[in-house]
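*Asks:* Here's a structure for you.
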Amino acid sequence: MNREKIAYIAGMFDGEGSISIMKVLPRNGRVNIEYKTVVSISNTFEPVIIWIKEKLNSGYISRTVNKKYPQHKPNYRWMASYQQAYVFLKMVLPYLIIKQAQAELAIKLEKSRHNFQQSRKGYKGFTEQPKSLLEEYDVIRESIQILNQRKVTAA
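Mind the numbering: the sequence shown is residues 56 to 210 in the working numbering, read in order.
What follows is the structure, given as structure tokens:
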């Protein structure tokens, strides 16, 4: 994809997107807490969301209708998580202004998750995540939440 298209998608993401880290508690036989990076871009103009998904060749699209206000247009959202979110954030990072700090933190978390998973490769059995790693993920998650709440003006 050329730089102009990447910059356009980054601009859409900076203005209409979000970065979050979801903390998934253990269930269904899992023992570890899981941290899931999720990125999304929302818009009421479906063709632009479809275009973004096609250009990125990743993620999925959801459609939401506000039942309380049926006269409002449906909202379309492109979303990606885990490795797809990481690849997306690395690609758009040089073009971000408003969400640059959040993107850097999410990239750091995904790199750390990947490194931990690679260190366990080939190991048979359960490996509990070190407490220090979980604490690091919590700090990153809370930092992103704080950054998402602040009011930022572009330079």
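C-beta: ideal position from N, C-alpha, C; glycine also. Here the structure is a predicted model, which means the values were calculated and not measured.
Is the beta carbon of residue 153 less than 7 Å from the beta carbon of residue 133?
*Replies:* Not a contact, by the Cβ cut-off of 7 Å.
*Asks:* I need the straight-line Cα distance from residue 93 to residue 140, nearest angstrom please.
*Replies:* The straight-line gap from Cα to Cα measures roughly 6 Å.
*Asks:* Determine contact between the stretch 75-84 and the stretch 110-125, defined as no fewer than three beta-carbon pairs at a distance below 8 Å.
*Replies:* No: the two stretches stay apart, fewer than three of their Cβ pairs being nearer than 8 Å.
*Asks:* Would you mind sorting residue 90 into buried or exposed? The rule is 16 or more other CB atoms within 10 Å of its CB.
*Replies:* Under this definition residue 90 is a buried residue.
*Asks:* Within 10 Å of its beta-carbon, does residue 157 have 16 or more other beta-carbons around it, so buried, or fewer, so exposed?
*Replies:* Residue 157 is buried by the Cβ-count criterion.
*Asks:* Only counting the same chain, and skipping five residues up and downstream in sequence, which positions put a Cβ closer than 8 Å to that of residue 161?
*Replies:* 74, 76, 92, 94, 140, 141, 144, 195, 199, listed in sequence order.
*Asks:* Which same chain residues, not among the five before or five after residue 163, have their C-beta less than 7 Å away from its C-beta?
*Replies:* Cβ within range, chain order: 195.
*Asks:* Rounded C-beta distance between residue 131 and residue 104? I'm assuming under 8 Å.
*Replies:* Confirmed, about 4 Å.
*Asks:* So, for residue 62: in the same chain, excluding its five sequence neighbours on each side, which residues have a beta-carbon less than 6 Å away from its beta-carbon?
*Replies:* If we look at residue 62 and ignore the five residues flanking it on each side, its Cβ neighbours are 150.
*Asks:* In the DSSP assignment, the alpha helix (DSSP H) including residue 67 goes from what residue to what residue?
*Replies:* Segment 58-71, the alpha helix (DSSP H) holding residue 67.
*Asks:* If contacts are defined as beta-carbon pairs under 8 Å, then residue 67 and residue 96 qualify, I think. What distance do you get, rounded to the angstrom?
*Replies:* About 5 Å; that satisfies the 8 Å criterion.
*Asks:* Applying the 10 Å Cβ sphere with the 16-neighbour rule, what's the burial state of residue 70?
*Replies:* Exposed, because fewer than 16 other Cβ atoms sit within 10 Å of the Cβ of residue 70.
*Asks:* Any idea what DSSP makes of residue 141, helix, strand or coil?
*Replies:* The answer is helix: DSSP assigns residue 141 an H, G or I state.
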